[in-house]
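Residue numbers (the numbering used here), protein chains in the order written: chain A, 1 to 421; chain B, 1001 to 1250.
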Amino acid sequence: MAALLRQSAVWLIAVAIILILPVMVKSGFYITMLNQMGVLIIFALAYNMLLGQGGMLSFGHAVYFGLAGYSVAHYLNGVGEETLPYIPVSLIPLLGGLVSLGFGILIGFVSSRRAGTTFAMISLGFAEMVTALTLIVVTFFNGEEGIQTDRWIGPEPFGITFGSDVQVYFLIGVWCVLATAAMYALTRTPFGRMCNAVRDNPERVQFIGYNTHRVRWLAFALSSFFAGIAGSLHAINVEHVGFETVGLAQSGLVLFMVWIGGAGIFAGPILGAILITLLNSNLSDITEAWYLYLGLIFMIIVMFAQNGLAGLIVMHEPIWKTNLALFRSMFLPYVLGIGSSLVTAVGAIGVIELLYFMRTRQTAETVTHLYWMEVDAANVLPWAWSVAALVAGYLACRQTYPVMAASYSAAIAEVKAMVAS
Amino acid sequence: MSTPAIELRDVRKNFGNTEIIRGVDLAIEEARIHAIIGPNGAGKSTLFNLMTGLHPLTSGTIHLKGGEITNRPPYEIARSGLARSFQVTNIFARMSVFENIRCGMFWKRGHRYAFWKFANRQSELTEACEAILEQTGLTSRRHVPAGLLSYSDQRALEIAITLASGADVILLDEPTAGMSRSETTQAVDLIRSVSANKTLVIVEHDMGVVFDLADTISVLVYGEIIASGAPKDIRGDTAVREAYLGAEAD
Ligand SMILES: Nc1ncnc2c1ncn2[C@@H]1O[C@H](COP(=O)(O)OP(=O)(O)OP(=O)(O)O)[C@@H](O)[C@H]1O
Ligand SMILES: [Mg+2]
């Protein structure tokens, strides 16, 4: 019983958080953000079935997200006009998932013959094709306008109308937990294990009886199914599906989320989706340079943290599992290291914001906001301060990072010694 | 005479313009240990690659337990009960030792592409894995990611994955390469212990191991079998001594 409780602790905590959040955040802005977050968590996990679990790098997985969205929007409209049979709105994501499963089975058969560059290029090709189709097949995609829909249809079981965003929040919450649990369970099955094997060594897999194409194809189809569930929830949530949902930017965004969060760890994509949605919702209004920052974060993670943010957390797991006291000797080096990183970031953001402001301003006005101050961009001081912070932070990082790394290695060495004895 | 476990008829293989395997006829008898020896570059590994479907044949046929497997894909040949190990270690680097071995078992034990049952709940798999871990001396390493193992442990895992499927025809490509004396002795014991009722084909450079284990020896030189027979006949064969054993016999 205790073991069962410990095993399910993470899930119980997740459910508790999902239940508490809407009580804590009352504003519509945050509910909208949380809804988006839930949708993207499912999408990121689905994407990671390909990338992290199966070793397939796709540049076009939004196709299965968006096609489900369009289908669901049409279905809702059909039910609204009473030309299609009613099914409860809460079950409609399943319908969208099945549509994407169908496309995943068809397209996956062609694209999953090979992994690596071939797979990546084919995924790009299909993404371009579907984007082009949104302008050509007007009856289904309706060009740049997209499809408008209304989730308030038919009977209202238990008085749930999905009229309010909070009701949609709980719908997304339930699906998010179900989909996450299902995708986690998949990794523990013989099929899930063979996905990892195909990722690690496709040649050897064939000699233990497996057709690598079949394994990848199945992974592709199942991943499309879950991407479809995410896309359906997106359609229900915003009641509109546009061509951008199938496009390269959406495919790129999910790749960013997964990689920044950590593709090699199951929870990595969840972390990535939460973080990117938070930043996206909160920063895109404040700064026009948001995509530049996203690109910078992505590059830094790719270069310095192979397993993403989740990887950075997990690499400390042996330490907290053996002896928490070991963190004491790491505290100061970490504070200094993280502190110098923050100084660098403050300086870099200052420079970027000032540059952006000067390049994009429409009037002769040179006074702008930087952080919480009013500064005059025509004055040399804000520039000097920003550059100084950037340079000082960078120099400090060069001093503090080796110390931070050394304190980590020392702690790990001690863990190894403790485990061995 | 019963059907041979593996039968090669006039098998030829070209890489580009070079003929690497030049007309090999070979019958591997069932439930025997058959060694293939020969100098570096003779084509021993290539012969394994042809038998297991990694490379297509240029001409000739291969039969496994009477059924033709010529140019079948590797996974079909593996499903027919032919398992192999590789000369260059070929494992699943990011998965644990236990997982590596269990992956070797899924297909033969009927789990195939199953995505509706938990691998951990299949207690017969866990038990079979424990047995192989024990046999190959990897029990204490079971949770270690395979990529982090020492060289000799990786060699042991290479063999463990091959044995995991429970195939009745097993090809081992230089199973003891790079092992120390004592590790080699262990490997030989392991091979002998798993060989009951199974057909084993081993490629091996260590003549001690070959003459110790083999029931039959074939000598491959420049893509041709120049002699085949019982160890004592091979030892006395002058052509073999000249072509290959000469250096060691002197
Ligand atoms: N895929 C390939 N493409 C081209 N040439 C190859 C290929 N595989 C093997 N060869 C060539 O075939 C010849 C036989 O190689 P093979 O690996 O079969 O020899 P071997 O008898 O196993 O030698 P060793 O004892 O060194 O393992 C070599 O000359 C090698 O270069
Ligand atoms: Mg060889």
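Note that CB positions come from ideal geometry on N, CA and C, so glycine has one too.
For the 8 Å CB-CB criterion, V241(A) and G69(A) form a contact. Judged by their CB atoms, F59(A) and A3(A) are not nearer to each other than the 8 Å cut-off. About 10 Å separates the beta carbon of I208(A) from that of I1101(B), a gap too long to meet the 8 Å contact definition. Q53(A) sits close to A219(A), with the two beta carbons spaced by under 8 Å. The beta strand (DSSP E) runs of length 3 or more contained entirely in the region 258-314 of chain A do not exist; there are none. Classified as exposed, W1116(B) has fewer than 16 neighbouring CB atoms from the shown chains inside 10 Å of its CB. Distances from the CB of Q1087(B) to the heavy atoms of ligand 1 include at least one below 7 Å. Listed in chain order, the positions of the region 1151-1166 of chain B with a beta carbon within less than 9 Å of a beta carbon of chain A are I1161, T1162, A1164, S1165. DSSP places D376(A) in the uninterrupted beta strand (DSSP E) bounded by 373-376. Counting of Cβ neighbours within 10 angstroms places K1013(B) among the buried residues, the total reaching 16 or more.
The beta carbon of P1056(B) sits no closer than 8 Å to any beta carbon of chain A. Residues of chain A whose Cβ lies closer than 7 Å to the Cβ of N1090(B) are, in chain order, N201, E203, R204.
If you check the CB distance, M33(A) and S281(A) come in under 8 Å. T149(A) carries a coil assignment under DSSP once its states are collapsed to helix, strand and coil. Per DSSP, the continuous alpha helix (DSSP H) segment holding E1134(B) begins and ends at 1123-1135. Excluding sequence positions up to five before and after D165(A), its CB lies within less than 7 Å of the CB of G28, I31, T32, N35, all in the same chain and listed in chain order. Going by DSSP, K416(A) is part of the alpha helix (DSSP H) stretching over 380-420. Put simply, the region 315-325 of chain A does not touch the region 353-360 of chain A. Fewer than three CB pairs are less than 8 Å apart. An exposed status is given to D376(A), since fewer than 16 other beta-carbon atoms sit within 10 Å of its beta-carbon. If the five residues before and after Y169(A) are omitted, its C-beta is found closer than 7 Å to the C-beta atoms of P22, I31, L34, N35, all from its own chain and listed in chain order.
A straight-line Cα-Cα distance of about 11 Å links R193(A) and R1094(B). For R1141(B), the number of other beta carbons within 10 angstroms of its own is at least 16, and it is reported as buried. Ligand 1 has a heavy atom closer than 7 Å to the beta-carbon of G1043(B). Under a criterion of Cβ atoms nearer than 9 Å, no residue of chain B is adjacent to P93(A); the nearest Cβ is some 20 Å distant. The three-state secondary structure of P85(A), taken from DSSP, is coil.
Inter-segment contact for the region 147-167 of chain A and the region 73-91 of chain A is present: three or more beta-carbon pairs are separated by less than 8 Å.
Fully enclosed alpha helix (DSSP H) runs of no fewer than 4 residues occupy 62-80, 92-111 of the region 41-113 of chain A, in order along the chain. With contacts defined as CB atoms closer than 8 Å, I260(A) and F298(A) qualify as a contacting pair.
Among the residues of chain A, those whose CB is under 8 Å from the CB of H1111(B) are P190, following chain order. Closest by C-alpha distance to V63(A), out of Y47(A), H74(A), R151(A), L271(A), is Y47(A). For L370(A), not one C-beta of chain B is nearer than 8 Å to its own C-beta.
Within 7 Å of the C-beta of G96(A) there is not a single heavy atom belonging to ligand 1. Inter-residue distance for R1112(B) and F225(A) is about 21 Å (C-alpha atoms, whole angstroms). Looking only at A392(A), N379(A), A384(A), G350(A), the smallest Cα-Cα distance to W372(A) is reached by G350(A). Rounded to the nearest angstrom, the gap between the Cα atoms of C195(A) and R216(A) is 7 Å. Of all C-beta pairs linking the region 1032-1052 of chain B to the region 1221-1230 of chain B, three or more are shorter than 8 Å, placing the two stretches in contact.
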